[in-house]
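Participant: The following block contains the structure, expressed as structure tokens.
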Ligand code: NAD
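In the working numbering, the protein residues as written are 18 to 524.
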């Protein structure tokens, strides 16, 4: 018997009687695929069908791009005032709040994440729509009044145009809300493709946008797979920019696909995020944050704090504390409000997670806790045990690659230089953390570690105001904050002569 906290199936009444039917949203109309193709999604935790989505082909993707192009070239949205855009975005935020429970429920059913977490994510998403509304009214260009008495220079910010927004399955509603409100605030129009595994809440967002009065064709949603829908959205010459969140492998393919038409590409990709724990750290606080960082969203999180680099004097004590906390984290039925860790997205992904643990053990690492699928009473075994792997060496796959599961790797160090070298020893550079009571130790780490976000004595806080994105193979460009709007803006320089003071070029 495992000494873990497991929440068995307790909330069968919350399962839907029938799967949600989902259609594409193209040019303001909800449509099925021309060939009638659909794909079914089953709850990873409960095994029952929870959505049946139209499965898009080339025809649907091209129709959506055409609708978006028309809306951008001839429609009112790109030419509307910041005030009007903000008014609509605020209305969307209110409607998200109204529908929060229903959106969270569908998110749980398709992704397997716990309901309490999904509720918090939908609340956070509404805040992003409100924040983007504020940006819509306050963004402005520059003026140059010091170019000489006869010259005035202006720098205008214009919407970049038609943007393809492609999202993953791990935070479906939150991630589209990191992109779409900022694109709309900028005056862009969008074609959205959610993950084939989690299409439901993006469609619910489309319904909200329609209710809020977004003009036809300004946002289009095409459901389906990378091939062919994603391929059309990244190669079609009528698309001006691709904003993608997902794996680094697909991000590289998208960059290559977009290069033929030189679209702007913005990428939020994977991470292998280190947390360095110095000997003077508050180990209790660190252990709690480490447990949060590795088990949040079952570790299926780009910001997963999956690589612990602990000073060798405190590593054993720290692991002991993390093991004790791990036993207390409630794993199980994601529909139960007590649950903090839910199901794994698919059986294939679960096998991949387990493969990393097996590979590490074969390479000489040790499993301090967990290390296998977790059987949850009444729900089956598409869950993974909280797992802590010690004696990990930097060259092992588990230390270098994104496991994307509730699996913590523990490495050790002696000197600060060694710790910083280990932290930087990755192809990724999404986020990193440092734990020390010495501010100089923290600031040295902040300045020398190459990652887009650095947390000191905390992990995975996030704010709409603060930009988010990666160094190295974790991506390019930024979301959130003012930078999140800038990504969707093009810069136009205007040079205006005042009077006829310049001498003739031809005498
Ligand atoms: P994925 O790359 O497999 O898929 C992401 C999306 O891309 C899906 O909608 C998919 O259908 C689509 N797609 C697949 N092939 C495509 C192609 N050739 N052209 C266009 N679109 C294509 O990723 P996933 O498994 O859904 O999500 C997990 C990954 O996302 C992890 O690597 C994680 O780190 C990353 N992620 C990053 C962030 C971040 O902000 N940095 C946030 C969340 C997730």
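A virtual CB, placed ideally from N, CA and C, is assigned to each residue, including glycine.
Only a predicted model underlies this, so the values are computations on that prediction, with no experimental measurement involved.
Does ligand 1 have even one heavy atom less than 7 Å from the beta-carbon of residue 239?
Facilitator: No, the Cβ of residue 239 stays beyond 7 Å of every heavy atom of ligand 1.
Participant: Between residue 392 and residue 420, what straight-line distance do the alpha-carbon atoms span, to the nearest angstrom?
Facilitator: Going from the Cα of residue 392 to the Cα of residue 420 covers about 20 Å.
Participant: Between which two residues does the beta strand (DSSP E) holding residue 261 run?
Facilitator: First-last of the beta strand (DSSP E) with residue 261: 258–262.
Participant: Does the beta carbon of residue 211 fall short of 7 Å from some heavy atom of ligand 1?
Facilitator: Checking every heavy atom of ligand 1 against the Cβ of residue 211, one is found closer than 7 Å.
Participant: With DSSP collapsed to three states, give me the class of residue 66.
Facilitator: The answer is strand: DSSP assigns residue 66 an E or B state.
Participant: Decide if residue 325 is buried, meaning its Cβ has at least 16 other Cβ atoms within 10 Å, or exposed.
Facilitator: Looking at its Cβ environment, which holds 16 or more other Cβ atoms inside 10 Å, residue 325 is buried.
Participant: What I want to know is whether the C-beta of residue 192 ends up closer than 7 Å to one or more non-hydrogen atoms of ligand 1.
Facilitator: For ligand 1, at least one heavy atom lies less than 7 Å from the Cβ of residue 192.
Participant: Does DSSP put residue 72 in a helix, in a strand, or in coil?
Facilitator: Three-state DSSP puts residue 72 in coil, outside helix and strand.
Participant: At a cut-off of 7 Å, would you count residue 86 as near ligand 1, judging by its Cβ distance to the nearest heavy atom?
Facilitator: Because no heavy atom of ligand 1 lies under 7 Å away, the Cβ of residue 86 does not count as near it: no.
Participant: Should residue 423 be listed as close to ligand 1, given that the test is whether its C-beta is under 7 Å from any heavy atom?
Facilitator: For ligand 1, not one heavy atom lies less than 7 Å from the Cβ of residue 423.
Participant: Does at least one heavy atom of ligand 1 sit under 7 Å from the Cβ of residue 491?
Facilitator: Yes, the Cβ of residue 491 comes within 7 Å of a heavy atom of ligand 1.
Participant: Could you check what DSSP says for residue 470 in three-state terms: helix, strand or coil?
Facilitator: If DSSP states are grouped into helix, strand and coil, residue 470 belongs with the strands.
Participant: Determine, using beta carbons only, whether residue 68 and residue 263 come nearer to each other than 8 Å.
Facilitator: It is not a contact, given that the beta carbons lie outside the stated cut-off.
Participant: Tell me which same chain residues have a C-beta within less than 8 Å of the C-beta of residue 515, skipping the five on either side of it?
Facilitator: Closer than 8 Å at Cβ, skipping near neighbours: 166, 167, 168, 169.
Participant: State yes or no: is the C-beta of residue 400 within less than 8 Å of the C-beta of residue 361?
Facilitator: Going by C-beta atoms, residue 400 is nearer than 8 Å to residue 361.
Participant: Tell me whether residue 230 is buried or exposed, calling it buried when 16 or more other Cβ atoms sit within 10 Å of its Cβ.
Facilitator: By the neighbour-count rule (16 or more Cβ atoms within 10 Å), residue 230 is not buried but exposed.
Participant: On a CA-only basis, which of 149, 388, 106 is nearest residue 422? Give me that one, please.
Facilitator: Of the candidates 149, 388, 106, the one whose C-alpha sits nearest the C-alpha of residue 422 is 388.
Participant: For the beta strand (DSSP E) containing residue 168, list its first residue and its last residue.
Facilitator: Here the beta strand (DSSP E) through residue 168 covers 168–176.
Participant: Quick check: the Cα distance between residue 431 and residue 331, rounded to an integer number of angstroms?
Facilitator: Cα-Cα distance, rounded: 11 Å.
Participant: Tell me whether residue 267 counts as near ligand 1, meaning its Cβ is closer than 7 Å to at least one heavy atom of that ligand.
Facilitator: Yes, the Cβ of residue 267 comes within 7 Å of a heavy atom of ligand 1.
Participant: Count the other CB atoms, across all protein chains shown, that sit within 10 Å of the CB of residue 140; report buried if there are 16 or more and exposed otherwise.
Facilitator: So residue 140 counts as exposed.
Participant: When we look at the beta-carbon of residue 522 and count the other beta-carbons within 10 Å, is it buried (16 or more) or exposed?
Facilitator: With fewer than 16 other Cβ atoms within 10 Å, it is exposed.
Participant: Throw me the rounded Cβ distance for the residue 476 and residue 200 pair, which I believe falls under 8 Å.
Facilitator: Actually they are not in contact, since the Cβ atoms of residue 476 and residue 200 sit about 29 Å apart, beyond 8 Å.
Participant: If you reduce the DSSP assignment to three classes, tell me which class residue 11 lands in.
Facilitator: Since the displayed the chain opens at 18 and closes at 524, residue 11 lies outside it and no answer follows.
Participant: For residue 446 versus residue 467, is the C-beta spacing smaller than 8 Å?
Facilitator: Taking 8 Å as the Cβ cut-off, residue 446 and residue 467 qualify as a contacting pair.
Participant: When you compare the CB positions of residue 450 and residue 322, do they come within less than 8 Å of one another, or not?
Facilitator: Yes, these two residues count as a Cβ contact at 8 Å.
Participant: Between which residues of its own chain and residue 395 is the CB-CB distance below 6 Å, once the five residues before and five after are set aside?
Facilitator: Correct list, in chain order: 25, 26.
Participant: Only counting the same chain, and skipping five residues up and downstream in sequence, which positions put a Cβ closer than 8 Å to that of residue 302?
Facilitator: Excluding positions up to five away in sequence, the list reads 452, 474.
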